[in-house]
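Below is one structure, written out as structure tokens; comments come after it.
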Amino acid sequence: MLRTVIVDDEPLAIDLLINYCAQIPYIHVLEAFTDALSCADYIKRVNVDLLFLDINMPDISGLDFFKSIKNPPAVIFSTAYSEYAIQGFELEAVDYLLKPFDFERFRRGVEKAKDQHCFKTQKQAKESTYIFIKSDYQLLKVNVIEIILIEGFDDYIKIYTEEKMILTLMSLKSILELLPEKEFVRVHRSFIVPLSKIRSMNKKSVRVGEKEIPIGNTYAQAFFSRVENSSDGFNLK
76 MLRTVIVDDE PLAIDLLINY CAQIPYIHVL EAFTDALSCA DYIKRVNVDL
126 LFLDINMPDI SGLDFFKSIK NPPAVIFSTA YSEYAIQGFE LEAVDYLLKP
176 FDFERFRRGV EKAKDQHCFK TQKQAKESTY IFIKSDYQLL KVNVIEIILI
226 EGFDDYIKIY TEEKMILTLM SLKSILELLP EKEFVRVHRS FIVPLSKIRS
276 MNKKSVRVGE KEIPIGNTYA QAFFSRVENS SDGFNLK
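Numbered by the working numbering, the letters in the sequence shown go through residues 76 to 312 in order.
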């Protein structure tokens, strides 16, 4: 499923894209915005796979907006102006849709986005199956899929796996940078958990194995956004 956001200053263009996206089973439209600035904060908080982005907009051009995004998603530019095509592809756009475009042209563009996403996901999975951790004067190979919980104690962390606990001189920030971004999330200043190992949760805590882990106020908003995106709209009332 490609989590998708649409940005276009023309409501009719947004309606057309939403209609086209609804006909593609692997596209899930999260939000649509009529200006890029309103979209900026959303993209910082929510994991987005694909961005449909108009170029000629009043406040900031789609090209300049895309350049400003840190770790940007895949992008398909859509515009009525062909002269921007070269700049669009220089930004490694998946495709460039020249308005007006029909459904078949749209479909070919999103097929490219799907193929690129699949390749990227498979590559990340292969590269992130294990990490090496220094403990007791040796390097231990830790299978990422076996990690149940990571707990921080000042300059040390405890990595709990299905078989053992590993103590290492390391920060939570440093270990998080080594782990697959889509799987591990920090829920508290002292805890990192893998989303796949969460058994249950409420607004204040998550249960991982037999442990009840508090959710810190600083991390709550980002955590629940991740949960909602990974579970197609899960929401705690």
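All residues carry an ideal CB built from backbone N, CA and C; glycine is no exception. A quick note: this is a predicted structure, and the numbers were derived from the prediction, not measured.
Residue i: first and last residue of the uninterrupted beta strand (DSSP E) it sits in
{"i": "LEU173", "result": "170-173"}
{"i": "ARG78", "result": "77-82"}
{"i": "PHE152", "result": "149-154"}
{"i": "LYS286", "result": "286-289"}
{"i": "LEU224", "result": "222-228"}
{"i": "ASP124", "result": "Taken as a continuous stretch (DSSP letters only), ASP124 belongs to no beta strand (DSSP E), as it is neither H nor E."}
Top-ranked residue by Cα proximity to residue i, from the options
{"i": "ILE234", "options": "PRO269, TYR212, THR204, ARG180", "result": "PRO269"}
{"i": "LEU242", "options": "VAL185, ILE161, ASP211, GLN162", "result": "ASP211"}
{"i": "LEU172", "options": "PHE127, GLY291, MET132", "result": "PHE127"}
{"i": "CYS96", "options": "ARG182, GLU165, LEU138", "result": "ARG182"}
{"i": "SER265", "options": "SER271, GLU238, TYR294", "result": "TYR294"}
{"i": "GLU258", "options": "ILE290, GLU226, PHE298, MET240", "result": "PHE298"}
{"i": "LEU224", "options": "PRO289, ASP83, ASP139", "result": "PRO289"}
{"i": "PRO255", "options": "LYS239, GLU226, ILE222, ARG282", "result": "ILE222"}
Rounded separation between residue i and residue j - CA only
{"i": "TYR159", "j": "ILE135", "result": "14 Å"}
{"i": "ILE89", "j": "ALA107", "result": "7 Å"}
{"i": "SER300", "j": "PRO100", "result": "22 Å"}
{"i": "LEU92", "j": "ILE81", "result": "8 Å"}
{"i": "THR236", "j": "HIS263", "result": "19 Å"}
{"i": "LEU77", "j": "GLY284", "result": "30 Å"}
{"i": "ASN310", "j": "ARG274", "result": "Low local confidence applies: a pLDDT of 45 at ASN310 is under 50, so the model's placement there is unreliable, with the coordinate-based value given in what follows. So the two alpha carbons sit approximately 15 Å from each other."}
{"i": "LEU253", "j": "GLN162", "result": "33 Å"}
{"i": "ASN304", "j": "ASP230", "result": "32 Å"}
{"i": "GLU179", "j": "VAL260", "result": "39 Å"}
{"i": "THR79", "j": "ILE250", "result": "29 Å"}
{"i": "PRO175", "j": "VAL104", "result": "21 Å"}
{"i": "ILE208", "j": "SER271", "result": "21 Å"}
Buried or exposed by the 16-neighbour rule on C-beta atoms within 10 Å, applied to residue i
{"i": "LYS312", "result": "Per-residue confidence for LYS312 stands at a pLDDT of 41, beneath the threshold of 50, marking its modelled position as unreliable; no derived number is given."}
{"i": "PRO86", "result": "exposed"}
{"i": "ILE130", "result": "buried"}
{"i": "TYR205", "result": "exposed"}
{"i": "ASP177", "result": "exposed"}
{"i": "CYS193", "result": "exposed"}
{"i": "PHE140", "result": "buried"}
Residue i: first and last residue of the uninterrupted alpha helix (DSSP H) it sits in
{"i": "ILE118", "result": "111-120"}
{"i": "GLY163", "result": "160-165"}
{"i": "PRO86", "result": "86-97"}
Notebook entry, point to check: Are there three or more Cβ pairs, one per stretch, closer than 8 Å when the segment 237-246 is compared with the segment 260-278?
Noted result: no
Item checked: Stretch pair the segment 207-227 + the segment 137-157: three plus CB contacts closer than 8 Å -> no
Check: Is there contact between the segment 143-150 and the segment 110-130, where contact requires at least three CB pairs shorter than 8 Å?
Finding: yes
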